[in-house]
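Report on the following structure.
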Amino acid sequence: MQFGKHIKSFAALMMVLMLGVGGITGIAAATSDATGTVTDSNGNAVADATVEAVNSNGTVVASATTGSDGTYSLTGLSDSTDYTLQVSATGYTDASKSFSTGSGTSETVDVTLTPQTYTVDGTVTDSDGNPVENITVTVTDSDGVEIGTATTDSQGQYSIAGVPHGVNYTVEASADGLDTSSKTVDVTSASTVDFSLSLSDGGGGVVGIGGSGGSTSTVLVVGGVAVGAYLLLRD
1 MQFGKHIKSF AALMMVLMLG VGGITGIAAA TSDATGTVTD SNGNAVADAT VEAVNSNGTV
61 VASATTGSDG TYSLTGLSDS TDYTLQVSAT GYTDASKSFS TGSGTSETVD VTLTPQTYTV
121 DGTVTDSDGN PVENITVTVT DSDGVEIGTA TTDSQGQYSI AGVPHGVNYT VEASADGLDT
181 SSKTVDVTSA STVDFSLSLS DGGGGVVGIG GSGGSTSTVL VVGGVAVGAY LLLRD
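All residue numbers for the sequence shown refer to this note's numbering, where the first residue is 1 and numbers rise by one.
This is how it looks when you write it as structure tokens:
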């Protein structure tokens, strides 16, 4: 009788041990990882980018944020599974890349992000608010590198496309005989950066002088010096 109790107790103990071992084995099952570096189109590290591993059902199964060196690490991915790596960061176009895990492997998945670009446009006017044609407008970055240039049309308007997401751009309007005018802007949104620059004439201007027979002589004055004249004939 006592022997039978011992057998039952032993059997129960073995069952508990077997269940425990099975549970531990399940927890320690091999999984795969994904690591890599996120850079921009110039090879510079992109910090604070969000990196997600998405399975075939569209479920995000792991996520991470890149460090200052652009690196990330995703752990606990299922073995022998297809994933899509989705990467997003402020100022860049979202990117994705497909990869597959092996059996207990660590996959290297590097991603390159393309900076978002915007348009800088506006109107250049003189000191009286009149639009000025043929004014050169230039956009330079904080390092003094020229990003783009344009010339104003008959309405004083200009448009410079392809300006990358960034801050402290200098937009400068200049022309011979006119004072240069500049403005600092941040290009950080998807909308067009629209503004006007007003140019003073630096002591120059256009002076009309009445003449006989319905004609008018027009003299261009720059810095108080007449530099040219032409005659307009009226019907």
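Cβ coordinates follow ideal geometry from the N, Cα and C atoms, glycine included.
Only a predicted model underlies this, so the values are computations on that prediction, with no experimental measurement involved.
Cβ of S32 within 8 Å of Cβ of T84? no
Using the rule of at least 16 other Cβ atoms within 10 Å of the residue's Cβ for burial, across every protein chain shown, is A53 buried or exposed? Buried.
Look at the alpha carbon of T71 and the alpha carbon of A49, and state the distance between them as a whole number of angstroms. 9 Å
Below 8 Å between beta carbons: does that hold for T138 and T151? no
For the putative contact between A89 and L113, defined by C-beta atoms under 8 Å, what is the C-beta separation to the nearest angstrom? Right, their Cβ atoms sit about 6 Å apart.
Under 8 Å between C-beta atoms of A239 and D79: The structure shown does not extend to residue 239, since the chain is modelled only from 1 to 235, so the question has no answer here.
Tell me, to the nearest whole angstrom, how far the beta carbon of D40 is from that of P115; I am working on the premise that it is less than 8 Å. 6 Å
Residues of its chain near T108, where Cβ-Cβ distance is below 7 Å and the 5 sequence neighbours each way are ignored: T35 and G36
Which residue's Cα is closest to the Cα of V167: D82, G91 and V38? G91
Following the continuous beta strand (DSSP E) through T65, name the residue where it begins and the one where it ends. V60 to T65
Counting only the same chain and skipping the five closest in sequence on each side, list residues whose C-beta sits under 6 Å from that of G22. Legend: pLDDT at G22 = 47, less than 50; position of this residue unreliable, no value from coordinates given.
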